[in-house]
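>
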Amino acid sequence: MRYGYKLMAEGFGPKELIRQAIRAEEAGFDFVEISDHYHPWLEEQGHSPFAWNVLSAIAARTDRLGLATGVTCPTVRYHPAIIAQAAATLAIISDDRFTLGIGSGERLNEHVTGQGWPSVRVRHEMLTEALDIINLLWQGGYQSYDGKHLQLDDARVFDLPDRLPVIAVAAGGSGAAELAATHGTGLFATEPRKDLVDTFTGAGGSGPKYAEIATAWAPTVEAAVEQAHKTSRWSLTGWKVMAELPNPVNFDAASQTVRPDDVREKFVCGPDPKPYLDAVTTYREAGFDHLVLMNAGPDPDGFLDFFAKELKDRM
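For the sequence shown, the positions run 1 to 315 when the UniProt record's numbering is used.
Pasting the structure below:
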């Protein structure tokens, strides 16, 4: 089992995220994961730096810490050729510590280029083509691709690492879990769903299986719930909402009916280690082997100390 710390890029600026990553390595985390967004989910969060710059700085200032995008959409805001090049470069400068988390994206980030937002079916087709292009470029040499939605014209990634990064594909259903096995080398999920792991392995997937666990550490449960409700209530709106709304103001409106009790039900909250350990057990029993603790509490340093002192040796 490997344990990761989620860098809450919507809640902190780039220098603070780098500092937290260094502290996460010191606290004993195996890797950090960062979302690749253009906008935060809510105005209250107030940040959204460029993830690839942050990861590059972390790579230069850490020694053993793994790095991952959680996740990047390689179809609208980025062309997959750019992601193939960026991931290869980051793998080299991090000495093979990088995992490329890939997903079909959200309108929140992708609409900014003015190209519109495709239907779910089209997004899945585009993600498949994007993975084809990335894998093709990582074979080396000049490559071309003529897909239904995406094209590549006589392109080559000149700097490739000796060991290609894992491509962990985000899955919320069986189709994406199969895609993770056929076009990726890892699985990424946000729920402890054994069916996704079974589909991934059943389709031939044998790589790492990542999952995020929603937590909120604070000295009291009440303080943890209050902060998580303030900054992370958007996460309880469901993926059909999360994928479709264009801006933070829309997520503020959509999450007005989310209650603190709803947060308390979905997040592991407070200072007691047992609920955190129970959540880890649930995900481990579902078959996941790379667990990301996503702290929505008010005190990142307190959470990192809590992990080092209360969780690390008991997980």
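Even glycine gets a Cβ: it sits at the ideal position worked out from N, Cα and C.
Only a predicted model underlies this, so the values are computations on that prediction, with no experimental measurement involved.
State yes or no: is the C-beta of Ser104 within less than 8 Å of the C-beta of Leu137?
Stepping through the sequence shown from its first residue, residue 104 is reached at position 104. Stepping through the sequence shown from its first residue, residue 137 is reached at position 137. In this structure, Leu137 does not lie closer than 8 Å to Ser104 by Cβ.
> Determine contact between the stretch 140-148 and the stretch 162-176, defined as no fewer than three beta-carbon pairs at a distance below 8 Å.
At 8 Å Cβ cutoff, the stretches do not touch.
> Give the DSSP-derived three-state secondary structure of Tyr38 in the structure shown.
In the sequence shown, counting from the first residue as 1, residue 38 sits at position 38. Note: Tyr38 maps to coil in three-state DSSP.
> DSSP three-state label for Gln115, please.
The residue labelled residue 115 in the question sits at position 115 within the sequence shown. Looking at Gln115 - three-state DSSP - the assignment turns out to be coil, as it is neither helix nor strand.
> Write down the C-beta distance between Ala189 and Ala211 rounded to the nearest angstrom, noting that I regard them as a contact closer than 8 Å.
To locate residue 189, count along the sequence shown from 1; it is residue 189. To locate residue 211, count along the sequence shown from 1; it is residue 211. Right, the Cβ-Cβ distance comes to about 5 Å (below 8 Å), so this counts as a contact.
> Consult DSSP for Gln85 and reduce its assignment to one of helix, strand or coil.
Taking the sequence shown and counting its residues from 1, the one referred to as residue 85 is at position 85. It is helical.
> So, with DSSP's three-state summary, where would you put Gly147?
Along the sequence shown, one-based indexing puts residue 147 at 147. Correct three-state label for Gly147: coil.
> In terms of alpha-carbon separation, which member of Tyr283, Arg314 and Pro248 lies closest to Gly274?
The residue given as residue 274 occupies position 274 in the sequence shown. In the sequence under discussion, the amino acid at residue 274 is Lys, which differs from the Gly named in the question. Comparing Cα-Cα distances from Lys274 to each of Tyr283, Arg314 and Pro248, the minimum goes to Arg314.
> Just to confirm, is the Cβ distance from Glu106 to Arg77 under 8 Å?
Residue mapping note: residue 106 aligns to position 106 of the sequence shown, counting from 1. Residue mapping note: residue 77 aligns to position 77 of the sequence shown, counting from 1. Cβ distance not < 8 Å, so Glu106 and Arg77 don't count as in contact.
> Within 10 angstroms of its Cβ, does Glu285 collect 16 or more other Cβ (buried), or is it exposed?
The residue given as residue 285 occupies position 285 in the sequence shown. By the neighbour-count rule (16 or more Cβ atoms within 10 Å), Glu285 is not buried but exposed.
> Enumerate in chain order the residues of its own chain whose CB-to-CB distance from Asp289 is below 8 Å, with the five nearest sequence positions on each side excluded.
Here residue 289 is taken as the residue at index 289 of the sequence shown, counted from 1. Excluding residues within five positions, the ones whose Cβ falls inside 8 Å are Met1, Arg2, Pro208 and Lys209.
> Leaving aside the five residues before and after Lys6 along the sequence, list all residues of the same chain whose C-beta is less than 6 Å from its C-beta, in chain order.
Translated into the one-based positions of the sequence shown, residue 6 becomes position 6. Hits under 6 Å: Glu33, Val292 and Met294.
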